[in-house]
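K.L.:
Just dropping this structure here.
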Amino acid sequence: MVARPAELAVQAAARSRPARPKRRILETAAWYAILLWIGAVTVLPFAWMLLTSLKGPEDPIFSVPPQFLPAHPTLDNYARVLDTLPVLSFFRNSIIVSVAVTVLSVLVTSLAAYPLAKMRFRGRDLIFYLLLGTLIVPVQLTYIPSFVLAVNVFHYDDTLFALIFPNLASAFNIFLLRQAFKAVPNDLIEAARIDGAREIRIWWSVLLPIVRPSLAAVAIFTFVTSWNDFLWPSLMLNTREGMTLPVGLAALQGLFSSDFRSIAAGVTMTIVPILIFFVAFQRQFVRGLAGAVKG
Amino acid sequence: MTTTRSLTPYLFLVPAVLLIGVFVLYPIVSVVYYSFTDYDISTPPVWVGLENYQQLLGDDTFWLALSHSIVYLLVTPILIVLSIGLAIIVNRRLRGIHVFRALYYIPAVSGSIAIGISWRWLFDTNGLINSFLISLGILDQPIQWLSEPAAVLPIAMLLTIWAGVGYYSVIFLAGLQNISEDLYDAARIDGCSDVQKHRHVSVPGLRPQIVFVAVISSLAALKVFDEIYVLTNKTGGILDSGTTIVFYLWEQAFRLTHAGYASAIAIVLLAITLVFSVVNIRLLDRRAEAD
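So the sequence lines, in the order shown, correspond to chains A and B. Position in the first sequence (first residue = 1) + 1 = my numbering. With my numbering, letter number 242 in the second sequence gets 237, and the count goes up by one each step, no holes.
The structure is reproduced here in structure tokens:
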């Protein structure tokens, strides 16, 4: 049977027109259901922390079935944590360390990345592979000698300096910035040289502005890593006022051992600022991560 | 580019090389030295030759910790599969999809201590997990999950997976978006179903990302510490049920001040990491050949 094209078209339209939108709506709904379900699994521990931190003494922590919403919401738990522990000092210390590490690390690693990407000199490959090799070394391996150095040589244990200096020369950052510099056309650098610019000037006013997105990605990852760093800071910091947030939070867990409402308040207080930071810089996070694999 | 004889390139490198020398290279050399000594950090090290290594061979806790770290590596394939799955799910044009992508990334930035504490309470006797399981009739009585030796390591691994999927899926999503639409069209014309399409186009196209995530996540798994520290309340768990190699290193070095012995553990960790890196480099090479 041979149908005329027009007839076929009409038949096809009749078959698909009512069906397709309906199917598509169902499909979309199913995708949203999956997305929401994964979202719930992701958010559940955080939501439970937040809601528990608002629970009063009469609200049960444990009940069958679980009770999420506090019947008598209160901020007392936050007040108790703030009274017992210098949480504001924790914040201040974390900000000092993370900002210092981020700014200095971007400077140090972008300085090192320039000659590795754009100059030819004796020993370049050796230095580059030596740096690359340190990527493999687990950082925990260095903690015993670094501890000895901190206590016996630099005498900066229990100060924030101990958290800043060992974390500045990240080989990973050098590697990423070297990739970024390599993509800058040589003509631009040559033109600046002909104009009589010195190398440090070229680095600062030609290269750095061009690779700004990579700098932003490196800076953000360095900041978050430094902000969340725990093991090394916990070895260095003893005085309560001098602690960073993760170290203080671990201390809080010991101090309030079974007072879950207060612990939940402490956890919530430490997560909120980094979440705000994340929301503000979300796009750079994604771009940075995506770029890391291209090299 | 011509080879310069000037000092300029070296001057640019001075800060970084100095810092890496002091805080990475010098420590590696000293940790090798310490591993042949009896050292408690406060008094000078005393040379003991291979004694620490001999002691390691007969140390059951060390072997247990090592086996736990090897078991922990199971998170890597699980993370790869789940992250690719999540990347495929969020790789579609839907209203508000960016909000979901950001949402899934939250555990990656929240900090292992904060997350670890919330998980410790999730699995507490009075925790949400018990509430749920009793409500559903699966349990009669609450269980203190983290006091069950068999449960500690799986819970820590589950935590690592939960916290990592959103992070790694961003990497895979970027990879998926680089795969040409034409390849999917070709697959559809060849009669591939949706699932087959991902098996034959997405997965081969994501090979660089898979290698990258395999390297990063397995190195992270070998180094796991924070999760164990918080979940077991600094103890490593009943009967060392959660003790991993880095946790054991920390315990020996900084709780028991057996820094010499801990340095020998560190050398074993380095050796394992090197073996892993060689395997990974081989994989990378094979990819380069295939290209």
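Don't be surprised by glycine CBs; every beta carbon is placed ideally from N, CA and C. Note that the structure is a prediction, hence the values are computed from the model and not measured.
Hey, how far is the Cα of V207(A) from the Cα of V219(A)?
P.N.:
Spanning the two alpha carbons is a distance of roughly 18 Å.
K.L.:
Could you compute how far the alpha carbon of F47(A) sits from the alpha carbon of S164(B)?
P.N.:
Roughly 20 Å separates the two Cα atoms.
K.L.:
Span of the alpha helix (DSSP H) holding K229(B)?
P.N.:
From DSSP, K229(B) is part of no alpha helix (DSSP H); its letter is neither H nor E.
K.L.:
Under 9 Å, CB to CB, which of the residues in the region 30 to 53 of chain A have a partner in chain B?
P.N.:
Listed by position along the chain: W32, Y33, I35, L36, L37, I39, G40, V42, T43, V44, L45, P46, F47, W49, M50 and T53.
K.L.:
Just to confirm my understanding: we take G296(A), look at its own chain, exclude 5 residues before and 5 after, and list those with CB closer than 8 Å. What are they?
P.N.:
Low confidence applies here, because G296(A) scores a pLDDT of 40, under 50, leaving its location unreliable and the question unanswered by this model.
K.L.:
Please report how far the alpha carbon of G170(B) lies from the alpha carbon of I272(A), in whole angstroms.
P.N.:
If you take the alpha carbons of G170(B) and I272(A), they lie about 30 Å apart.
K.L.:
In the structure shown, what three-state DSSP assignment does R96(B) receive?
P.N.:
Reduced to three states, the DSSP call for R96(B) is helix.
K.L.:
Between the region 165 to 174 of chain A and the region 107 to 115 of chain A, are three or more C-beta pairs nearer than 8 Å?
P.N.:
Judged by Cβ distances under 8 Å, the region 165 to 174 of chain A makes contact with the region 107 to 115 of chain A, as three or more pairs qualify.
K.L.:
In whole angstroms, what is the alpha-carbon distance linking W32(A) and L77(B)?
P.N.:
Rounded to the nearest angstrom, the two C-alpha atoms are 16 Å apart.
K.L.:
Is DSSP giving V330(B) helix, strand or coil here?
P.N.:
Coverage of chain B is limited to positions -4 through 286, which leaves residue 330(B) absent and any answer about it impossible.
K.L.:
So which residues on chain B does F279(A) lean against when the C-beta distance must stay under 8 Å?
P.N.:
Here the neighbours are A97, Y100, I101 and V104.
K.L.:
Mind listing the chain B neighbours of V109(A)? Cutoff is C-beta to C-beta under 8 Å, in chain order.
P.N.:
The answer, in chain order, is P10, A11 and L14.
K.L.:
Report the start-end ranges of each alpha helix (DSSP H) in the region 240 to 282 of chain A that is 4 residues or longer and not cut off at the edges.
P.N.:
With a minimum length of 4 residues, the continuous alpha helix (DSSP H) runs that stay inside the region 240 to 282 of chain A are 246 to 256 and 261 to 281.
K.L.:
List the endpoints of the continuous alpha helix (DSSP H) containing R213(A).
P.N.:
Looking at the DSSP string, the run of the alpha helix (DSSP H) that includes R213(A) is R213 to N229.
K.L.:
Going by DSSP, which residues form a beta bridge with T56(B)?
P.N.:
T56(B) pairs with nothing; no bridge assigned.
K.L.:
So is N275(B) in contact with chain A if we call contact Cβ pairs under 7 Å?
P.N.:
No - not a single Cβ of chain A is within 7 Å of the one on N275(B).
K.L.:
Is it true that the CB of I145(A) sits closer than 7 Å to the CB of V26(B)?
P.N.:
Cβ distance < 7 Å, so V26(B) and I145(A) count as in contact.
K.L.:
Check the Cβ-Cβ distances between Q180(A) and every residue of chain B, and say whether any is below 7 Å.
P.N.:
No, because no Cβ of chain B sits closer than 7 Å to the Cβ of Q180(A).
K.L.:
Can you tell me whether DSSP reads R277(B) as helix, strand or coil?
P.N.:
Three-state DSSP puts R277(B) in a helix.
K.L.:
Quick one: is A151(A) near chain B, going by C-beta distance under 7 Å?
P.N.:
Closer than 7 Å: no.
K.L.:
On the three-state DSSP scale, how would you describe V65(A)?
P.N.:
DSSP places V65(A) in coil when its eight states are reduced to three.
K.L.:
Indicate the three-state DSSP secondary structure (helix, strand or coil) for T71(B) in the structure shown.
P.N.:
Here T71(B) sits in helix by DSSP.
K.L.:
Between the region 254 to 265 of chain A and chain B, which residues of the former have a C-beta closer than 7 Å to a C-beta of the latter?
P.N.:
Residues Q254, F261 and I264.
K.L.:
In this structure, how does DSSP classify R183(B) when only helix, strand and coil are distinguished?
P.N.:
In the structure shown, R183(B) sits in a helix (DSSP, three-state: H, G or I).
K.L.:
Measure from the alpha carbon of R284(A) to the alpha carbon of each residue in L246(A), V248(A), S215(A) and T269(A), then state which is nearest.
P.N.:
Answer by Cα proximity: S215(A).
K.L.:
What is the DSSP secondary structure of V41(B), reduced to helix, strand or coil?
P.N.:
Looking at V41(B) - three-state DSSP - the assignment turns out to be strand.
K.L.:
Who are the neighbours of L177(A) on chain B, taking C-beta pairs under 8 Å?
P.N.:
Those within 8 Å of L177(A) in chain B number zero; the least Cβ separation is about 13 Å.
K.L.:
Below 8 Å on the Cβ atoms is my guess for L154(B) versus W114(B); work out the distance and round it to an integer in Å.
P.N.:
Sure, about 5 Å apart at Cβ, within 8 Å.
K.L.:
So is W58(B) in contact with chain A if we call contact Cβ pairs under 7 Å?
P.N.:
Answer no: the Cβ-Cβ gap between W58(B) and chain A never drops below 7 Å.
K.L.:
Return the CA-CA distance between V212(A) and I128(A), expressed in angstroms with no decimal places.
P.N.:
Looking at the two C-alpha atoms, the distance is approximately 23 Å.
K.L.:
Quick check: is any heavy atom of the ligand ATP less than 6 Å from the C-beta of D159(A)?
P.N.:
Of ligands this structure carries none, so the ligand ATP is not represented either.
K.L.:
Going along the chain, which residues of its own chain have a beta-carbon closer than 6 Å to the beta-carbon of V70(B), five neighbours each way excluded?
P.N.:
Hits under 6 Å: M152, T155, I156 and A216.
K.L.:
Opposite D33(B) in the DSSP bridges: which residues?
P.N.:
Paired residue(s): V41(B).
K.L.:
List the whole-angstrom C-beta distance separating G40(A) from F95(B), where the pair is believed to meet the contact cut-off of C-beta under 8 Å.
P.N.:
Right, the Cβ-Cβ distance comes to about 6 Å (below 8 Å), so this counts as a contact.
K.L.:
Looking only at its own chain, which residues have a Cβ that is under 8 Å from the Cβ of N86(B), when we skip the five neighbours before and after it?
P.N.:
Contacts found: L168, L171 and Q172.
K.L.:
Hey, does V219(A) have any beta-carbon neighbour from chain B nearer than 7 Å?
P.N.:
Not closer than 7 Å to any Cβ of chain B, the Cβ of V219(A) fails to qualify, so no.
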